[in-house]
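A short worksheet on the structure shown next.
Residue numbers (our numbering): 8 to 86.
Below you can see the structure in the form of structure tokens.
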């Protein structure tokens with residue numbers, strides 16, 4: 008059958024996967040909802056007219072999100 012060493016490795020492996028999955032799901036559920044905005048790359052420089060158009064379309068606070076990084080733009084001082 009299995010030796011004690013092999014059984015221990017399997018148990019610790021399953022425990023590790025379970026702990027990782029639990030922590031990942033818990034951290035993901037704590038994320039703060041972001042303001043609306045287009046799904047574009049925030050690392051590209053956009054002309055002010057494009058940003059003003061997005062502010063008019065999505066509201067005074069917008070979020071540029073490409074899946075890796077997030078940039079939040081505040082469209083005025085009265086927000």
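Cβ coordinates follow ideal geometry from the N, Cα and C atoms, glycine included.
Query	Result
Would residue 44 and residue 21 be called neighbours here (beta carbons separated by less than 8 Å)?	no
What's the C-alpha gap between residue 73 and residue 51?	11 Å
How many whole angstroms separate the CB atoms of residue 77 and residue 41, which I take to be in contact at a CB cut-off of 8 Å?	6 Å
Hey, quick one: how far does the alpha helix (DSSP H) through residue 85 stretch, first residue to last?	It is not in any alpha helix (DSSP H) - residue 85 carries neither H nor E in the DSSP assignment.
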